[in-house]
């Protein structure tokens, strides 16, 4: 049975890669910068993204978000408070987003056209394993890690960190009560993905957000 | 392709269920209480389990642990400090433990015989989705949730919470800095799994551990 699973998995990922390549071309032609946010459940992706959406809006940029969860539209409702267009993807038991789900939810998204957007954020299902195998056509994959989770997560989940373009450490306001070892976390991230850009942030205090926004603005420049 | 996936998945889960049923019979005959600990990465399963293993040892009980991770043997090394026999299962990319992995790692576990054990803890791979579909032959499935993760996790991951026999809230020492809404978390847990036993714990302060240990001792009594 193992061989059949490996073969089927290869087929699924190949089909996903083809769809993702089509999406990537579509995003590039439309001039929209697409980011795929991946982390454990509870890392604070939604709070971080809400702050990001608000800040981009204040700077006159047009951003939208697709948000994946097994169930509930809690996150879409939270994010919509930022004023940005947000659409929930409920996967109903599937542990990751795939390119087909993204494609389907782009179609018929009322009031949203890719050409009118500067940024599209895709908040993946909270999971450090499965989403790392599924390309969504993004240009930037962001791995998020909170100070409450332990410094060894990059070593334990190398697949995600190794395939990411940026890493965001969240909840740094809790670093002291959690006894977070910053040097060790940075060392572990760099061991898996040497030279990756790392942002140290707090959605509560706003720490690190200026640097993150400068990165977003810089990445959105046509190369 | 969807139909093929559904069929194959059904086949895999059926095979797993059969293996798990065999394991369950083996555990029952040996008189060992088996618990499967499931949570998000970074919830603090290992710290909680280390404290549990130490406390059981002090009470003269014999406990051992199998611990699942994609990579590294960090957790096995941490847990071994408790003096209990511990064996690491590295899944190398697989996002959950299955009954076959458990069975294989019970075989040839030097110095450990199921008959000599009172408790066997299985620390699953950090993931709130996939492990919930895989029965490991456990008698008690424990869903863990830290105060840092957000009170809505039971609603977002109903599959796990609905299939669990007990819920453990971890890191309650961080409840105040995190602004944890205890009533809401308990309400959400009970909405998914009415009447489930809930333990509110901290591996840092030891809070809630007496109640958890009393539960373990009570559950180990032959019915």
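Residue numbers (our numbering), protein chains in the order written: chain A, 1115 to 1337; chain B, 1115 to 1337.
Quick reminder that beta carbons are idealized off the backbone N, C-alpha and C, glycines included.
Any Cβ of chain A closer than 8 Å to the Cβ of residue 1182 of chain B would place that residue at the interface, and such an atom is absent.
The Cβ of residue 1124 of chain B sits no closer than 8 Å to any Cβ of chain A. Note that the stretch 1178-1198 of chain A touches the stretch 1262-1269 of chain B; at least 3 beta-carbon pairs, one per stretch, sit closer than 8 Å.
Not a single C-beta of chain A is nearer than 8 Å to the C-beta of residue 1248 of chain B. Counting only residues of its own chain and dropping the five nearest sequence neighbours on each side, residue 1288 of chain B has a CB closer than 7 Å to the CB of 1261 and 1262. Here the alpha carbon of residue 1231 of chain A sits roughly 7 Å from the alpha carbon of residue 1178 of chain A.
Taking the Cα positions, residue 1233 of chain A is about 8 Å away from residue 1149 of chain A. Per DSSP, residue 1156 of chain A is not a residue of any beta strand (DSSP E), being assigned neither H nor E. Within chain B, the residues 1288 and 1291 have their CB atoms less than 7 Å from the CB of residue 1291 of chain A, given in chain order. Here residue 1146 of chain B carries a coil assignment [DSSP, helix/strand/coil]. Residue 1130 of chain A has a beta carbon lying at 8 Å or more from every beta carbon in chain B. Going by beta carbons, residue 1147 of chain A and residue 1213 of chain A fall outside the 8 Å limit.
The beta carbon of residue 1118 of chain A sits closer than 8 Å to some beta carbon of chain B. Following the DSSP letters along the chain, one finds residue 1182 of chain B inside the beta strand (DSSP E) bounded by residues 1177-1183. The C-beta of residue 1173 of chain A has fewer than 16 other C-beta atoms within 10 Å across all chains shown, which makes the residue exposed.
The DSSP-derived three-state label of residue 1316 of chain B is coil. Proximity to residue 1181 of chain B across B:1206, B:1197 and B:1239 peaks at B:1239, based on C-alpha coordinates. Boundaries for residue 1335 of chain A: no beta strand (DSSP E) harbours it, and the DSSP string shows neither H nor E there.
Residue 1234 of chain B: member of the beta strand (DSSP E) spanning 1233-1237, first to last residue. Residue pairing for residue 1255 of chain B: DSSP places it in a beta bridge opposite B:1150.
Identification of residues in the stretch 1207-1232 of chain B having a C-beta nearer than 9 Å to some C-beta of chain A yields 1207, 1208, 1209 and 1210, given in sequence order. Taking 8 Å as the cut-off, the Cβ atoms of residue 1253 of chain B and residue 1278 of chain B do not count as close. Identification of chain B residues near residue 1273 of chain A by a Cβ-Cβ cut-off of 7 Å yields 1207, ordered along the chain. Under the DSSP definition of a beta bridge, residue 1289 of chain B lacks any partner.
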